[in-house]
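For the protein sequence lines, the chains are E and S, in the order given.
The working numbering numbers the first residue of the first sequence as 911 and each following residue consecutively.
The working numbering numbers the first residue of the second sequence as -11 and each following residue consecutively.
Glycine is no exception: its CB is placed at the ideal position from the N, C-alpha and C atoms.
Bear in mind that the values here come from a model prediction, so they are computed numbers and not experimental data.
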Amino acid sequence: MKLVLAIAAALAFAALPFLSGSNYIVGVGTSALIFTVAAAALNLIYGFTGLLSFAQLGFWGIGGYATALTVVTFGGNFWTGVLAAAAINAVVALVVGYPMLRTSRHAFVISTLTFALLVSLIARDWVDLTRGPLGIPDLPPPRAFGHVFSSTHQFYGIAWAFSVAMLAFLYVLCSSRIGRTLVAIKQNEPLVRAQGISPMPYKLAAFSISAAITGAAGGVFVFHLGIVDPLILDFYYMQTFLIIVIIGGTGSFWGVVVSGVALSALPEALRFSDDFRMIIYGVILVVAMFAMPSGVAGWLRERELARLRASLR
Amino acid sequence: MSAVLQVSDLRKAYAGVHALDGVSFEVEGGSITGLIGPNGSGKSTTIDCISGFQKLDSGKVVLAGNDITGKVSHLIARAGMMRTFQTVRVYEKLSLRDNLAIAAQQFDPATWVDEFLRTRRYRDAVTASEKRARQLVELIGLQKYYDIETGILSYGQKKLVALAAALMPHPKIVVLDEPVAGVNPSRIREIEVALQQLNQAGETFLIVEHNVEFITTLCHKVIVLDQGLKLAEGTAAEIHADSRVLEAYLGTTPEVAEEEMRASA
Chain E
911 MKLVLAIAAA LAFAALPFLS GSNYIVGVGT SALIFTVAAA ALNLIYGFTG
961 LLSFAQLGFW GIGGYATALT VVTFGGNFWT GVLAAAAINA VVALVVGYPM
1011 LRTSRHAFVI STLTFALLVS LIARDWVDLT RGPLGIPDLP PPRAFGHVFS
1061 STHQFYGIAW AFSVAMLAFL YVLCSSRIGR TLVAIKQNEP LVRAQGISPM
1111 PYKLAAFSIS AAITGAAGGV FVFHLGIVDP LILDFYYMQT FLIIVIIGGT
1161 GSFWGVVVSG VALSALPEAL RFSDDFRMII YGVILVVAMF AMPSGVAGWL
1211 RERELARLRA SLR
Chain S
-11 MSAVLQVSDL RKAYAGVHAL DGVSFEVEGG SITGLIGPNG SGKSTTIDCI
39 SGFQKLDSGK VVLAGNDITG KVSHLIARAG MMRTFQTVRV YEKLSLRDNL
89 AIAAQQFDPA TWVDEFLRTR RYRDAVTASE KRARQLVELI GLQKYYDIET
139 GILSYGQKKL VALAAALMPH PKIVVLDEPV AGVNPSRIRE IEVALQQLNQ
189 AGETFLIVEH NVEFITTLCH KVIVLDQGLK LAEGTAAEIH ADSRVLEAYL
239 GTTPEVAEEE MRASA
């Protein structure tokens, strides 16, 4: 049932460029798809494993620069660039993740925040590599088999295929026994150890996979923008991913996917009132968090649990 | 019967205070052994040290012939020692089914790749674990909660879940840290019966408990700790007759205690 709904939703999204001639709407759709992937990756490390990682912003930026530099400086193409972004991030996450994950949960949060700030400093100050604050403009559109994905509508197809593939991978992972073990680690780490499971490899794998996917998403996103500069490391992106996860419901795969699409589109749906739309957006977020502190998915689950409890009495 | 667990000369000090000052004992395979003692006698430190949740200063712990001294907790669990905790630990937001499945998963041959791809090996492991879980759930009488989050259960029921989880992977020994502390008295009998049945089926238990009646009903052998030392060891009857034990618990000898009782009456 869920699977049928998911396939129907994926096909509906595939149809978007054929339904709207507006570059603007299709562009918003592209962003929504990419943000949803990054939020789903954050959900893996934060929602499932319970480790709030601000390093996602750093991985997003590294991914953006890695993809752009592969094309512009190192003579590769968009596709190898995205793969390089994923690979570099996976390795960076393993290297920085091991010491970070050995600290307490609070220290982990602070050190991931520091990592994100450090990446942003490098993007701005290592001018020889990143070209500094000016960034790298005019990124060429991706090509495949002689076809150039130059228009917004064509690029939407890439974003769509990318997000479907990444979300499918994350779904298989999160719904497997590995995903369940991550939740167990979040809930009761001493019990996990008493049952013979070493938490470290699971945490490290979740952090690294999350980093790789976030990096690839960052790579696709900068080619949607057509430019990469230090603004790719603006805290706005981290905040967007985090809000998507919290409103959707931490640890709920489908909750986060639905909220990813909904929240990316919401500011645009509020365009009828240009002066007040960001205020309305803020009010909606605050009300949602008050009414459903554990997100939409958590709220639904609590209702289900209350019903079960009543039926057992 | 041979000893499944051999503990020799266990020592542990916290900032100069000797929590354990050379404790040795053995647990026979297929037996129920009790570990009692007043507060601060070193019971909890003993099981935290043998299960790898605390570093011991010196001593030796051998489980079924394997030296597990100083190993980390998850490796000791893999070697065949499963434990529960004084303050009950279950995965509150996972179903009873998942709670039991997780407890056994490290002990089957399925790798991450098997789990990701749902291979035959993974599915076989899940079937076997499911079968064991159903048996244990029937034993603890929580069938109707099988698919429900364990968070809604009572404290006593969670203790039963923790017990069942510890038994999932067919461990060589199960260490129970205060299995009936804080449990409604009417439920204590249920836990007692469950443990007796499991023991008859061949399971070995080491139980730390304050409830002396519970220990003397169940255990084949009782070890008494006091101030980090082994004070006495023997059958329940022998321990009852030991004046040193009463002294440690009550601070007096039985004669004095009786006199005091007569005086107050």
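- Taking 8 Å as the CB threshold, Y134/S stays off the interface with chain E.
- The Cβ-Cβ distance between T1062/E and V936/E falls below 8 Å.
- E14/S sits away from L(-2)/S, with the two beta carbons spaced by 8 Å or more.
- In the structure shown, the three-state DSSP call for Y2/S is strand.
- The Cβ atoms of K1113/E and F958/E lie no closer than 8 Å to each other.
- Note that the C-beta distance between S1183/E and I1190/E is below 8 Å.
- Cβ neighbours of L82/S within its own chain (closer than 8 Å, five residues either side excluded): I90, E137 and T138.
- For E221/S, there is no enclosing alpha helix (DSSP H); the residue is found in the beta strand (DSSP E) stretching over L217 to G222.
- Close partners of L1215/E in chain S (Cβ separation under 9 Å): I136, E137, G139 and I140.
- Against chain S, the beta carbon of L1083/E has neighbours under 8 Å at F104, listed in chain order.
- Here P1047/E has I1137 as same chain residues with Cβ atoms under 6 Å from its own Cβ, once five neighbours each way along the sequence are excluded.
- Inside the stretch 959 to 989 of chain E, DSSP marks no whole beta strand (DSSP E) run of 3 or more residues.
- Contact annotation for L1218/E against chain S: I136 and I140 [CB-CB distance below 8 Å, chain order].
- Three or more Cβ pairs closer than 8 Å define a contact, and the stretch 206 to 215 of chain S meets that threshold against the stretch 19 to 39 of chain S.
- With three or more CB-CB distances shorter than 8 Å, the stretch 1065 to 1072 of chain E counts as touching the stretch 921 to 931 of chain E.
- For the stretch 1071 to 1098 of chain E, the set of positions with a beta-carbon nearer than 7 Å to some beta-carbon of chain S reads V1082, L1083, S1086, R1087, I1088, R1090, T1091, V1093, A1094, Q1097 and N1098 in chain order.
- By the beta-carbon neighbour count (other beta carbons within 10 angstroms, threshold 16), L913/E is exposed.
- In this structure, V1132/E sits near A978/E, with a CB-CB distance shorter than 8 Å.
- Taking a cut-off of 8 Å for Cβ pairs, the stretch 1068 to 1077 of chain E and the stretch 29 to 38 of chain S do not touch, as fewer than three such pairs fall below it.
- Per DSSP, M69/S lies in no alpha helix (DSSP H) segment; the continuous beta strand (DSSP E) that holds it begins and ends at M69 to R71.
- A straight line joining the alpha-carbon of A996/E with that of S1118/E spans about 9 Å.
- If you check each beta-carbon in the stretch 1099 to 1111 of chain E against every beta-carbon of chain S, the ones closer than 7 Å belong to P1100, L1101, R1103, A1104, Q1105, G1106, I1107 and S1108.
- At a C-beta separation below 7 Å, I90/S has these neighbours in chain E: R1090, T1091, A1094 and Q1105.
- For F1163/E, the enclosing alpha helix (DSSP H) begins and ends at F1163 to A1179.
- Taking one beta carbon from each stretch, the stretch 119 to 128 of chain S and the stretch 65 to 74 of chain S have fewer than 3 pairs nearer than 8 Å; the two do not touch.
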